[in-house]
Ligand SMILES: O=C1O[C@H](COP(=O)(O)O)[C@@H](O)[C@H](O)[C@H]1O
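In the numbering used here, the protein residues as written are 516 to 773.
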C-alpha cells in the first residue's frame with residue numbers, strides 16, 4: 516500500500532505532558548466523529564498505551580467525552596483467557612474501559628472460549644468475521660479502495676524491536692494483504708500465540724497515533740532513529756501510515772537519537 520500521509524511527530528519532556536497530549540488528541544477526535552456520524556471507532560493496543568491514556572480518566576475528559584458512542588477494538592491480542600494477566604483485553608478493561616461508560620455491546624474482544632482454548636488461527640478468523648459483520652451493520656465503513664475496514668482512530672505503541680501490533684521484524688505477517696486479521700504462533704515476544712490486524716487494515720485508519728516511551732534501554736530510541744532517519748522498513752512500525760494523519764508521540768528518551 517502506498518504511503519498516504521507524512522509521519523508527524525511531537526516530543527514531550529515529561530510523562531505528564533505526554534499523557535495530557537494523548538488525552539487531548541483522543542478527546543478531540545472523539546468529539547469530531549461523534550458530532551459528524553454519531554459514533555467513534557477506536558482501536559487499542561496493549562503495552563504501555565493503557566497507562567498513557569490515564570488523563571482521559573480525569574477532568575475534564577472523564578465527564579465530557581461521549582463514552583456511550585465509543586466502539587472499541589484491539590489491534591492485536593494475545594491468545595489466552597480473558598482473565599490472564601497477558602490479555603490486552605484485561606489490561607484495557609482493568610486500567611481504562613471499566614472506569615468509563617462504554618456500552619458492553621460496543622466492546623469487541625476476541626472470542627472468549629477460543630482464546631482460552633489457545634486456538635490462534637480460529638481467533639483470528641472469528642475476529643475478522645466480527646469486523647465483516649460490523650461492516651454489514653454499517654458500524655464500520657470500508658476504506659476507499661473497498662477492501663478493508665476503516666477505523667476512526669488507532670492508538671498504538673511500538674516495541675523496542677520496532678514491532679507494532681503483533682507484526683514483528685522478520686516475520687511474514689507484515690506482508691499479509693488478503694486477510695484483515697491474521698495470527699502468529701511463534702511471536703518473539705511472549706506469549707507466542709497472538710492475533711493481529713494486518714498492515715493494510717492498520718493503515719486504512721483515518722488517524723493513527725503511535726505513542727512511544729523508551730524505558731531507559733535505548734532500544735526504542737534506536738528503532739525510532741531507524742524509522743525517522745533511515746526509513747528502515749525492516750522495522751514493522753516504519754510502515755505505519757493513515758488516511759488522514761499519522762502522528763508519533765515520543766518521550767524525550769525515545770527521541771534522543773533524532
Ligand atoms: O506485545 C505487545 O507489544 C506492543 C508494544 O508494547 P509496549 O509494552 O512496548 O508499549 C503493543 O503495542 C502490543 O499491543 C502488545 O501486544
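Think of the CB as a built atom: it goes at the ideal place given N, C-alpha and C, for glycine as much as any other residue.
- Residue state for residue 726 is assigned as strand, using DSSP reduced to three classes.
- For residue 752, the shortest C-beta to heavy atom distance toward ligand 1 is 7 Å or greater.
- When the beta-carbon positions are compared, residue 554 and residue 523 stay at least 8 Å from each other.
- In this structure, the C-beta of residue 680 approaches ligand 1 to less than 7 Å from one of its heavy atoms.
- Take residue 582, set aside five residues on each side of it, and the residues of its chain with a beta-carbon closer than 8 Å to its own are 615, 616, 617, in chain order.
- According to the DSSP assignment, residue 555 belongs to the beta strand (DSSP E) that extends over 555-559.
- At a cut-off of 7 Å, the beta-carbon of residue 641 does not count as near ligand 1: no heavy atom of the ligand is closer than that.
- Runs of the alpha helix (DSSP H) spanning 4 or more residues and lying entirely within the stretch 608-645 occur at 627-632, in chain order.
- Taking a C-beta distance under 8 Å as the contact criterion, residue 673 and residue 696 do not qualify as a contact pair.
- In this structure, the C-beta of residue 708 stays at least 7 Å away from each heavy atom of ligand 1.
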